[in-house]
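Trainee:
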Amino acid sequence: MVLDVSSIREDFPIFRRYPDLVYLDNAATTHKPRVVIEAIRNFYENFNANIHRGLYDLSQKATEIYEDAHEVVAKFINAYSWEEVIFTRNSTESLNLLAYSIGLNYLQPGDEIVISIAEHHSNMLPWMRIAELRNASIRIVRVDENGEMDYRELENIVNEKTKVVSITHVSNVLGVINDVKKIASIAHRVGAIVVVDGAQSVPHIPIDVKALDIDFLVFSGHKMLGPMGIGVLWGRKDILMDMDPPFYGGDMVKSVDIAIRDSNIVKKNIVLNDLPWKFEPGTANVADAVGLVEAIRYLIRIDLNNIDLHEKELARYTIKRLEEYNEKITILGSKDIAKKSGIISFVLQGLDPQVLAYMLSTKNIAIRAGFHCAQPLHRYLGLNKGSDRISFYIYNDYSDIDRFVDAIDWILKELGI
Ligand code: PMP
Numbered sequence: 001m002v003l004d005v006s007s008i009r010e011d012f013p014i015f016r017r018y019p020d021l022v023y024l025d026n027a028a029t030t031h032k033p034r035v036v037i038e039a040i041r042n043f044y045e046n047f048n049a050n051i052h053r054g055l056y057d058l059s060q061k062a063t064e065i066y067e068d069a070h071e072v073v074a075k076f077i078n079a080y081s082w083e084e085v086i087f088t089r090n091s092t093e094s095l096n097l098l099a100y101s102i103g104l105n106y107l108q109p110g111d112e113i114v115i116s117i118a119e120h121h122s123n124m125l126p127w128m129r130i131a132e133l134r135n136a137s138i139r140i141v142r143v144d145e146n147g148e149m150d151y152r153e154l155e156n157i158v159n160e161k162t163k164v165v166s167i168t169h170v171s172n173v174l175g176v177i178n179d180v181k182k183i184a185s186i187a188h189r190v191g192a193i194v195v196v197d198g199a200q201s202v203p204h205i206p207i208d209v210k211a212l213d214i215d216f217l218v219f220s221g222h223k224m225l226g227p228m229g230i231g232v233l234w235g236r237k238d239i240l241m242d243m244d245p246p247f248y249g250g251d252m253v254k255s256v257d258i259a260i261r262d263s264n265i266v267k268k269n270i271v272l273n274d275l276p277w278k279f280e281p282g283t284a285n286v287a288d289a290v291g292l293v294e295a296i297r298y299l300i301r302i303d304l305n306n307i308d309l310h311e312k313e314l315a316r317y318t319i320k321r322l323e324e325y326n327e328k329i330t331i332l333g334s335k336d337i338a339k340k341s342g343i344i345s346f347v348l349q350g351l352d353p354q355v356l357a358y359m360l361s362t363k364n365i366a367i368r369a370g371f372h373c374a375q376p377l378h379r380y381l382g383l384n385k386g387s388d389r390i391s392f393y394i395y396n397d398y399s400d401i402d403r404f405v406d407a408i409d410w411i412l413k414e415l416g417i
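Note that UniProt numbering has the sequence shown beginning at 1, numbered continuously upward.
1. Grouping DSSP H, G and I as helix and E and B as strand, with all else coil, what is residue 264?
2. Which residue spans inside the segment 105-176 form an unbroken alpha helix (DSSP H) run of at least 4?
3. Which residues bound the alpha helix (DSSP H) around residue 318?
4. Should residue 49 be counted as a contact of the ligand PMP given a C-beta to heavy atom distance under 7 angstroms?
5. Drop a sphere of 10 angstroms on the beta-carbon of residue 112, count the other beta-carbons inside from all chains shown, and report buried for 16 or more, exposed for fewer.
6. Just to confirm, are residue 215 and residue 195 a CB contact at a threshold of 8 angstroms?
7. What is the chain-ordered set of residues for which the beta carbon lies under 5 angstroms from any non-hydrogen atom of the ligand PMP?
8. Using CA coordinates, which residue listed in 76, 125, 21 is at the minimum distance from residue 404?
9. Alpha carbon to alpha carbon, how far is residue 184 from residue 7? Give it in angstroms, no decimals.
10. Measuring CB atoms only, is the segment 62-74 touching the segment 39-53, in the sense that at least three cross pairs come out at less than 8 angstroms?
11. If you compare alpha carbons, which of 344, 352, 364, 276 is closest to residue 27?
12. Can at least three beta-carbon pairs, one atom from the segment 166-176 and one from the segment 103-123, be found at a separation below 8 angstroms?
13. Just to confirm the assignment: which complete beta strand (DSSP E) runs, minimum length 3, are found wholly within the segment 226-254?
14. Is residue 55 helix, strand or coil when you go by DSSP?
15. Could you tell me which of 270, 306, 212, 367 sits nearest to residue 79, measuring between CA atoms?
16. Do you know how far the Cα of residue 15 is from the Cα of residue 149?
17. Whose C-beta lies closer than 6 angstroms to the C-beta of residue 243 among residues of the same chain, with five residues either side of it excluded?
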């Protein structure tokens, strides 16, 4: 194996607590290494204070720590500047923030937003809502039988009315890696803004926003060893500077000046704060930003290239082992490892996906069943009960897959399938 899994597992307290656990639900969330848990605790024990508002030492130190966290994230994705990094709660909040900002600032009636049928609800519903509010419309690109985006259809759909193209980098169901560079070049030809949902790519493959030539990227800390409750919205500085934020409150303004007559506001002058603060209203989640920084450092030590290779090895082995059952198990989307990350969804003929996941859980094997927040994709694929999904990370090895496949074998025999 590319990675030394047994020494990596030592870093994760959860596996000490549950040594028998086969955890194959990493696309939902990942476990946390000790360094991340300790960094959060260290912040609260030694540095806790609200940022930006205090002249005292602790507040200044907390401010410094929080600003540095923006810098670490910026370097990790090769952003142009730390001011382009906005902390949110998760990818969902980042996409909503962005949809509302773009909607309020740029969308006109008749404009179009392009997404794909393979989007997670988080990269579909916010755009549908803002389109409704602004009398704009949504155009949907389909995927082919391998789950790969139909780039020809994308070229046909994108036109001078297209204002946004928002596409997932890696499908959370099919594991297919989209050619984001190609998508960006098609979208930029008509001047559309390119948004990439990196929730399933940033934790698993090296990302360089400059090389991809995209305008926005979102991702979640909890899917990359970091804490729950912190996510990222990265955006190009020029666009962020030009946009008004959708959320207002403390810390996102430099000054608020109002004149009142007869209880009415008769004059107001609100000067918004600099980037990134104008998009981060209210008290910041400093502790989880610190946790995310440790998670990023951990991933950098292992190297994202190695993580990608490791997951590809596991995916190749799983596909090979599941092929032993190819009359009974259908893997969704491409089996071409070069175009895939470590997510494999499948259906076992004649068995409700929930029943399979439940039976696996009795053997201490954690997988996910259902629609994986991608109902339109499942219905498009004719899967009205959803699918089962396994997804890998750095602490999985061949023995996890053997335990999983052996348990599938047991289920087939038990149920006489
Ligand atoms: N997009 C994709 C592709 C995802 O897989 C997920 C999480 N399943 C999300 C968005 C939403 O992430 P979060 O729940 O952390 O906001």
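Heads up, the beta-carbon is just placed ideally off N, CA and C, and yes, glycines get one too. Computed from a prediction, not measured in an experiment: that's the story for all the values here.
Mentor: Let me lay it out:
1. strand
2. 125-134, 151-157
3. 304-322
4. Flag unset: Cβ of residue 49 not near the ligand PMP.
5. buried
6. yes
7. Any heavy atom of the ligand PMP counts here; residues with a Cβ closer than 5 angstroms to one of them, in chain order, are 90, 91, 92, 120, 122, 168, 172, 197, 199, 200, 220.
8. 21
9. 39 angstroms
10. yes
11. 344
12. yes
13. 231-235
14. coil
15. 212
16. 37 angstroms
17. 101, 105
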